[in-house]
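Residue numbers (our numbering): 258 to 453.
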């Protein structure tokens, strides 16, 4: 590519993705993708996140063909069962009981497109999260320090939210919502670099 570098658009309303990108030093604007996430039982969690990231990314890229569009989708799965965002605190407590003392998977699909140049890249990242054994009191206390309702699996991996996690195998930023290590390398291919 020659000349002026393209601008970055984050096709996501996730506050965690926004925070991760900002803390990594990227300048970007946010555009909410107007697509409903799909859930097909025959797809693996990796395939499903990749599919949803592609749909989100293309929806926004078509509106902004002269910009580099970054889209992602992250899901939590335990024993091949998808764990979504809890509807209320009771469901969040149920999810935490289910995850207690066990290892689950966090998968993110990422899609980056620059339609003006006819260029795109897609990848997925899998991390494993090992939870501590949680007592009912630990679960009750935990639900007072984080808002579980906007988080897949009903927990946060960052800050105080990480207190219930024994270990993360793989990318920690993936568990938060965007695998930064691989995303940085991919954005470099589009001449998108952090300002710091």
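Where is the CB? At the ideal position from N, CA and C, for every residue including glycine. This one's a predicted model, so the numbers in the text were calculated from it and none came from an experiment.
Tell me where the alpha helix (DSSP H) around residue i begins and ends.
i: residue 314; result: 302 to 320
i: residue 397; result: 393 to 402
i: residue 273; result: 272 to 280
i: residue 429; result: 429 to 433
i: residue 445; result: 437 to 445
Who pairs with residue i in a beta bridge, going by DSSP?
i: residue 338; result: 335
i: residue 265; result: 325
i: residue 330; result: 366
i: residue 424; result: 387
i: residue 287; result: 267
Could you check how far apart the C-beta atoms of residue i and residue j are, in whole angstroms? I think they sit under 8 angstroms.
i: residue 542; j: residue 382; result: Because the chain is modelled from 258 through 453, residue 542 falls outside the range shown and cannot be assessed.
i: residue 311; j: residue 267; result: Going by Cβ atoms, the distance from residue 311 to residue 267 rounds to 15 angstroms, so no, they are not a contact pair.
i: residue 380; j: residue 356; result: Wrong, their Cβ atoms sit about 26 angstroms apart, outside the cutoff.
i: residue 434; j: residue 303; result: Rounded, the Cβ-Cβ distance is 16 angstroms, inconsistent with contact.
i: residue 287; j: residue 270; result: 7 angstroms
i: residue 281; j: residue 441; result: 7 angstroms
i: residue 317; j: residue 263; result: That pair is no contact at about 14 angstroms.
i: residue 349; j: residue 400; result: 6 angstroms
| What are the start and end residues of each continuous beta strand (DSSP E) run of 3 or more residues lying completely inside the region 339 to 388, in chain order? | 360 to 371 and 376 to 388
| query | With a cut-off of 8 angstroms, do at least 3 Cβ pairs link the region 389 to 403 to the region 314 to 334? | reply | no
| message | For the pair the region 285 to 298 and the region 355 to 370, tell me if three or more CB-CB distances fall below 8 angstroms. | response | No: fewer than three Cβ pairs fall under 8 angstroms.
| task | Report yes or no: do three or more beta-carbon pairs, one from the region 334 to 349 and one from the region 398 to 416, lie closer than 8 angstroms? | result | yes
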